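Visitor: Supplied in structure tokens, the structure appears directly below.
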Amino acid sequence: MRMYEHTIVARQDTSESQLIQIKDKYLNLIEKNNGKVVKSENWGLINLSYIIKKNKKGNYLHFKIEGNEKMVFELEKSAKLDKNLLRYLTVKVKKFDLDTNYFGPSNDNKKEL
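Right, here's the structure in full:
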């Protein structure tokens, strides 16, 4: 099985319950197509670099998954049709980084005054 990282950006006005439904939808889609979810993360509401469909922010969901090309095709096909999503990106990786939390609280950036 190949390893992929799949990130989706949902609209800024998406509620918590809708985000859970979106996450569950894609988790089920992955498992239905013989994929395996290694890790899923909710990165939260993040500023976009530019306005996309009148949205300045987006709710980011990130999945680390194992699967085949058919699974990726089905994920991207579903993401294209989903009106709640602004963008999506699937990247093939050689190895997962399961330790680093890029969007969580970090103690490295805090400095004593």
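Position one of the sequence shown corresponds to residue 1174 (our numbering), numbered consecutively onward. Note that the Cβ used here is the ideal one computed from N, Cα and C, for glycine as well. Since the model is a prediction, treat every value here as computed from it, not as a measurement.
1. Pop quiz: Leu1259 and Tyr1199 are said to be a contact at Cβ under 8 Å. What is the actual Cβ separation, rounded to whole angstroms?
2. On the criterion of 16 or more Cβ atoms from any shown chain inside 10 Å, does Val1245 qualify as buried, or is it exposed?
3. My assumption, with CB atoms under 8 Å, is that Leu1156 sits in contact with Gln1194. Please give the rounded CB distance.
4. Would you give the residue range spanned by the alpha helix (DSSP H) that Asn1201 belongs to?
5. Among residues of its own chain, excluding the 5 on either side of Lys1265, which ones have a beta-carbon nearer than 8 Å to its beta-carbon?
6. In terms of alpha-carbon separation, which member of Ser1222, Glu1204, Gly1231, Ser1188 lies closest to Gly1240?
7. Name the DSSP bridge partner or partners of Asn1232?
8. May I have the straight-line CA-CA distance separating Glu1285 from Tyr1275, to the nearest angstrom?
9. Bridge partners of Leu1262, per DSSP?
10. Taking Cβ positions, are Asn1232 and Val1182 nearer each other than 8 Å?
Guide: Answer, in terms of the structure:
1. Translated into the one-based positions of the sequence shown, residue 1259 becomes position 86. Translated into the one-based positions of the sequence shown, residue 1199 becomes position 26. Not really, about 15 Å apart at Cβ, beyond 8 Å.
2. In the sequence shown, residue 1245 corresponds to position 72, counting from 1. With 16 or more other Cβ atoms within 10 Å, it is buried.
3. Here the chain has residues from 1174 to 1286 only, and residue 1156 is not among them.
4. One-based indexing of the sequence shown puts residue 1201 at position 28. For Asn1201, the enclosing alpha helix (DSSP H) covers residues 1189-1205.
5. Taking the sequence shown and counting its residues from 1, the one referred to as residue 1265 is at position 92. Once the five neighbours on either side are set aside, the close Cβ partners of Lys1265 are Arg1175, Met1176, Tyr1177.
6. As a first step, residue 1240 is located in the sequence shown; it is residue number 67 there, counting from the start. Shortest Cα-Cα distance from Gly1240 to any of Ser1222, Glu1204, Gly1231, Ser1188 involves Glu1204.
7. Translated into positions along the sequence shown, residue 1232 becomes position 59. In DSSP, Asn1232 forms a bridge with Ala1183, Leu1218.
8. Here residue 1285 is taken as the residue at index 112 of the sequence shown, counted from 1. Here residue 1275 is taken as the residue at index 102 of the sequence shown, counted from 1. The predicted model places Glu1285 with a pLDDT of 43, which falls under 50 and marks its position as unreliable, so this point remains unresolved.
9. Residue 1262 sits at position 89 when you count from the first residue of the sequence shown. BP columns for Leu1262 point to Thr1180.
10. Taking the first residue of the sequence shown as 1, we reach residue 1232 at position 59. Taking the first residue of the sequence shown as 1, we reach residue 1182 at position 9. Judged by beta-carbon spacing, Val1182 lies within the 8 Å limit of Asn1232, meaning their Cβ atoms are closer than that value.
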